[in-house]
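Following: one structure in structure tokens, then a few remarks.
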Ligand SMILES: [Zn+2]
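Residue numbers (the numbering used here): 16 to 326.
The structure is reproduced here in structure tokens:
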């Protein structure tokens with residue numbers, strides 16, 4: 016069960032800048048699957064969450080600050096070289112609707128996972144957003160908002176976040192630091208941004224010379240988490256930025272092959288599926304023209320597992 020909208024394909028140049036995260040990985044994944052299987056892959060359209068929903072996690076002052084384009088420039092780390100020549104651009108704060116929609120996609124994917132077992136939002140995963148600060152390209156913490164909203168509605172009590180993005184899921188770890196019903200597991204590069212890591216319930220730091228141990232460490236992390244925590248939902252933050260062809264300079268410390276990342280994503284999906292724990296996947300980080308391949312193989316596996324695609 017996939018969640019996507021053609022509106023996810025935001026043209027950042029309309030806002031006067033360009034960045035490698037501008038590429039729409041969701042559409043590339045859908046196009047590739049359509050080619051492979053000879054038919055369009057169905058997906059559900061999300062609805063935007065409200066600002067009130069965002070307020071479940073984010074402070075009023077922070078949400079207010081998003082009316083100011085300077086805040087957006089900081090969150091997107093816009094440098095002089097990212098800016099297009101002066102022209103008639105839309106104000107950056109108009110991007111808020113885009114973020115609210117993609118956050119709604121994460122919420123819908125979680126709901127569908129609870130109903131059907133497996134789902135994915137072809138976007139989302141803004142794990143660096145803190146309650147009163149956005150950073151690292153993350154404006155709203157869609158993960159934390161979705162979990163909090165579902166728990167308020169008593170649709171779920173205990174949730175595990177399995178965050179395998181290159182970067183530590185620091186915002187999410189901070190938000191749930193005192194919450195015994197949300198387990199935060201982060202397997203991430205110990206080298207590189209963010210320099211100051213937060214404390215997750217379980218952190219599994221990986222060093223650049225440990226590529227060969229990556230899958231083993233990930234498996235051990237999941238084993239250890241599940242030995243002490245009994246989740247009713249897994250939110251899988253399946254970042255593609257540990258991929259060797261990711262172009263963000265800061266992700267150079269991990270250089271995982273496509274094959275290793277296929278094994279990673281399949282092991283997570285299979286593990287929770289076998290335990291009959293619903294799993295919702297989000298894309299999170301991934302930069303440049305090649306990273307969609309990581310998501311492509313993960314989404315294909317999820318669709319095969321859920322019976323939507325046949326072997
Ligand atoms: Zn990342």
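From the three backbone atoms N, C-alpha and C, an ideal C-beta is built for every residue, glycine too.
Among residues of its own chain, excluding the 5 on either side of residue i, which ones have a beta-carbon nearer than 6 Å to its beta-carbon?
i	result
residue 47	311
residue 220	205
residue 193	none
residue 86	80
residue 147	74, 77
residue 321	133
Quick one: Cα of residue i to Cα of residue j, how far?
i	j	result
residue 82	residue 155	14 Å
residue 269	residue 313	19 Å
residue 213	residue 149	15 Å
residue 104	residue 152	20 Å
residue 68	residue 22	20 Å
residue 236	residue 101	48 Å
residue 162	residue 266	28 Å
residue 284	residue 119	22 Å
residue 132	residue 319	13 Å
residue 256	residue 183	12 Å
residue 304	residue 177	25 Å
residue 71	residue 160	6 Å
residue 92	residue 325	42 Å
With a CB to CB cut of under 8 Å and the five nearest residues on each side skipped, what residues in its chain are close to residue i?
i	result
residue 127	16, 18, 59, 134, 295
residue 196	166, 172, 173, 174
residue 232	202, 219, 221, 225
residue 33	27, 97, 99
residue 63	112, 115, 116, 118, 119
residue 49	55, 56
From the DSSP output, which residues share a beta bridge with residue i?
i	result
residue 217	200
residue 258	271
residue 150	153
residue 69	In the DSSP output, where bridge partners are listed per residue, residue 69 has none listed.
residue 296	135, 251
residue 17	135
residue 81	According to DSSP, residue 81 bridges with nothing at all.
residue 59	18
residue 32	98
residue 145	148
In chain order, what residues of the same chain lie with their CB nearer than 7 Å to the CB of residue i, ignoring the 5 residues before and after it?
i	result
residue 44	137, 307, 310, 311, 314
residue 287	249, 294
residue 299	140, 142, 180, 252, 253, 254
In chain order, what residues have a CB nearer than 5 Å to some heavy atom of ligand 1? Cβ-based neighbours of ligand 1 within the cut-off: 180, 181, 182, 254, 256, 300.
Please specify which runs of the beta strand (DSSP E), each continuous and at least 3 residues long, are wholly inside the segment 90-139, giving them in chain order. Scanning the segment 90-139 from its first residue to its last, the whole beta strand (DSSP E) runs of 3-plus residues come out as 133-136.
My parser needs the beta strand (DSSP E) runs of 3 or more residues fully inside the segment 152-186; what are they? Counting only runs that start and end inside the segment 152-186, the beta strand (DSSP E) elements of at least 3 residues fall at 174-178.
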